[in-house]
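In the numbering used here, the protein residues as written are 1371 to 1899.
Think of the CB as a built atom: it goes at the ideal place given N, C-alpha and C, for glycine as much as any other residue.
Here the structure is a predicted model, which is why all the values come from computation and not from measurement.
One structure below.
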């Protein structure tokens, strides 16, 4: 019971890092805030209030010290980890700290996993759209080894190489690798629709067959068939389920799990055991060495043509390093993204109900007559389908976090104030709060299917799931996802294929930390014309 004891103790007292003095307990602070609403704001900004009139940001906002704090070393990061994963959940973790600091959306907080995996849990969190945009500015933020946040997985998981996603945009190797990945995405784009049609057919043929015996979970079908889709779309050739057998998906997920276990939760019961196993010590790469060797051997063969072309083009990257980057791109970036993203799309469609389904079916069937294939260019002419996918990406970005280190001292602006951030500090953004910012979007916390139809498309610059604005493009010198357009295209293709095949559907949704579990309860086939 040592954990609850630490937790209670930390709820009573915290040690401010900046002043090294004991602060009021959280309980007393809450009572003061209820009695005097202005008190919380005054306390939150007290460190910078004396100089607020003396220093203004370029847009005229008062510059303050960042509110919040980190508490007692070791104990506070441990307490905060329990809050984050078990007692509050990610969103409430941040909202409670915003409220505790008078509504400030730039805060000093601890981020999991904490002890003993992370040596330093301290971050400056950006929790609104305006401050979050700093994390997308490569001139201000260094993203070396910050993909997973406050810890870096062992390079033994990647063949001894540092993958593109862990390189800063200013690193010379970044430009060389990014150039190759952009060329891969562009060259294979015309394969996406026909290969997806096969995967979609396999998923929903199985769903139709299974519904005769009861509800059918979408996630399991998506998990299996989207791995084949990803590899076939990117490289062609034999899909992994045939080349490696049914264990191919298991190998890929195990490899992802050993990388990301410090960020996972709600997998093992009881939670205390899960916290000990997943969040306290790193799992050794040895656990998946054979699985990774099998995956690498598969990609060496499947991507041989692309690797040969890269050799001829003298990309500046060795064949072996490029191979390991392709494994990472295909499994972590592409497959991992689809595994999370597509259940969210189905979730929002299920919740929207028959009225939206009818509108989507009408748009799809008008654009693509019976007997014609749905193509990437065809879905680009379906404004409601496009809007639904962008709205799903706004509500649930596949990667919720952004991290980076300040390249120099910065003044970071939120909507209401400006804050001084020091060179070298770890900066963090929780994207769901940034992309649901009420100052930017009306009904920001609601799924609005036609939000991006017509003139509202101007808001696309605030959809930043790809590590950049939706209306900008990946380039060698930025950190925006090289497969951005492919991800969006797959989302559109799924919606279009779904509503050409079905008039409507129903599903149960269970929210989970990583992806919702979506279970079909009915699928109503389109009426024959």
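Which listed residue (the options) has its alpha carbon closest to that of residue i
{"i": "residue 1585", "options": "1436, 1697, 1891", "result": "1891"}
{"i": "residue 1750", "options": "1864, 1604, 1877, 1629", "result": "1864"}
{"i": "residue 1536", "options": "1461, 1775, 1894, 1791", "result": "1775"}
{"i": "residue 1703", "options": "1526, 1768, 1885", "result": "1768"}
{"i": "residue 1605", "options": "1850, 1815, 1696", "result": "1696"}
{"i": "residue 1485", "options": "1463, 1520, 1526", "result": "1520"}
{"i": "residue 1518", "options": "1440, 1430, 1626, 1443", "result": "1626"}
{"i": "residue 1866", "options": "1726, 1777, 1778", "result": "1726"}
{"i": "residue 1834", "options": "1860, 1847, 1807, 1846", "result": "1807"}
{"i": "residue 1701", "options": "1545, 1722, 1442, 1662", "result": "1662"}
{"i": "residue 1731", "options": "1434, 1896, 1542", "result": "1896"}
{"i": "residue 1596", "options": "1664, 1445, 1507, 1619", "result": "1619"}
{"i": "residue 1802", "options": "1441, 1465, 1429", "result": "1465"}
{"i": "residue 1882", "options": "1425, 1447, 1456, 1442", "result": "1456"}
{"i": "residue 1659", "options": "1847, 1629, 1534, 1515", "result": "1629"}
{"i": "residue 1689", "options": "1671, 1705, 1850", "result": "1671"}
Cα-Cα separation, residue i to residue j
{"i": "residue 1796", "j": "residue 1492", "result": "7 Å"}
{"i": "residue 1856", "j": "residue 1563", "result": "10 Å"}
{"i": "residue 1879", "j": "residue 1636", "result": "16 Å"}
{"i": "residue 1640", "j": "residue 1729", "result": "44 Å"}
{"i": "residue 1582", "j": "residue 1591", "result": "16 Å"}
{"i": "residue 1540", "j": "residue 1503", "result": "19 Å"}
{"i": "residue 1567", "j": "residue 1463", "result": "40 Å"}
{"i": "residue 1559", "j": "residue 1607", "result": "16 Å"}
{"i": "residue 1887", "j": "residue 1588", "result": "8 Å"}
{"i": "residue 1460", "j": "residue 1613", "result": "39 Å"}
{"i": "residue 1569", "j": "residue 1717", "result": "19 Å"}
{"i": "residue 1480", "j": "residue 1451", "result": "8 Å"}
{"i": "residue 1371", "j": "residue 1578", "result": "Caution applies to residue 1371, whose pLDDT of 39 falls short of 50 and renders its modelled position unreliable; the model cannot decide the point."}
{"i": "residue 1382", "j": "residue 1657", "result": "Any reading at residue 1382 must be qualified, since the residue scores a pLDDT of 40, below 50, and its modelled position is unreliable; no value is offered."}
{"i": "residue 1387", "j": "residue 1482", "result": "For residue 1387, the predicted structure reports a pLDDT of 38, less than 50, and the residue's modelled location is therefore unreliable. A value from the coordinates is still provided. About 18 Å."}
Nearest-angstrom Cβ-Cβ length linking residue i and residue j, presumed shorter than 8 Å
{"i": "residue 1501", "j": "residue 1782", "result": "5 Å"}
{"i": "residue 1761", "j": "residue 1819", "result": "6 Å"}
{"i": "residue 1875", "j": "residue 1720", "result": "7 Å"}
{"i": "residue 1870", "j": "residue 1715", "result": "Not really, about 16 Å apart at Cβ, beyond 8 Å."}
{"i": "residue 1799", "j": "residue 1496", "result": "4 Å"}
{"i": "residue 1773", "j": "residue 1434", "result": "The pair is not a contact, with the Cβ atoms about 23 Å apart (cut-off 8 Å)."}
{"i": "residue 1534", "j": "residue 1547", "result": "4 Å"}
{"i": "residue 1638", "j": "residue 1884", "result": "Wrong, their Cβ atoms sit about 14 Å apart, outside the cutoff."}
{"i": "residue 1777", "j": "residue 1510", "result": "6 Å"}
{"i": "residue 1498", "j": "residue 1784", "result": "5 Å"}
{"i": "residue 1538", "j": "residue 1512", "result": "5 Å"}
{"i": "residue 1438", "j": "residue 1471", "result": "6 Å"}
First and last residue of the uninterrupted alpha helix (DSSP H) at residue i
{"i": "residue 1790", "result": "Taken as a continuous stretch (DSSP letters only), residue 1790 belongs to no alpha helix (DSSP H), being part of the beta strand (DSSP E) at 1788 to 1791."}
{"i": "residue 1558", "result": "1542 to 1580"}
{"i": "residue 1857", "result": "1854 to 1871"}
{"i": "residue 1644", "result": "1641 to 1649"}
{"i": "residue 1734", "result": "1724 to 1737"}
{"i": "residue 1828", "result": "Note, residue 1828: premise wrong, no alpha helix (DSSP H); not H, not E."}
{"i": "residue 1764", "result": "1753 to 1765"}
{"i": "residue 1470", "result": "1460 to 1470"}
{"i": "residue 1843", "result": "Element bounds for residue 1843: n/a, residue is neither H nor E."}
{"i": "residue 1510", "result": "That residue, residue 1510, is in no alpha helix (DSSP H); it is neither H nor E in DSSP."}
Start and end residues, beta strand (DSSP E) containing residue i
{"i": "residue 1477", "result": "1476 to 1480"}
{"i": "residue 1782", "result": "1780 to 1783"}
{"i": "residue 1435", "result": "1433 to 1435"}
Bridge partners - residue i, DSSP secondary structure assignment
{"i": "residue 1799", "result": "1496, 1772"}
{"i": "residue 1880", "result": "1887"}
{"i": "residue 1705", "result": "Answer by DSSP bridge pairing: none, since residue 1705 is not bridged."}
{"i": "residue 1895", "result": "1872"}
{"i": "residue 1426", "result": "1432"}
{"i": "residue 1438", "result": "1478"}
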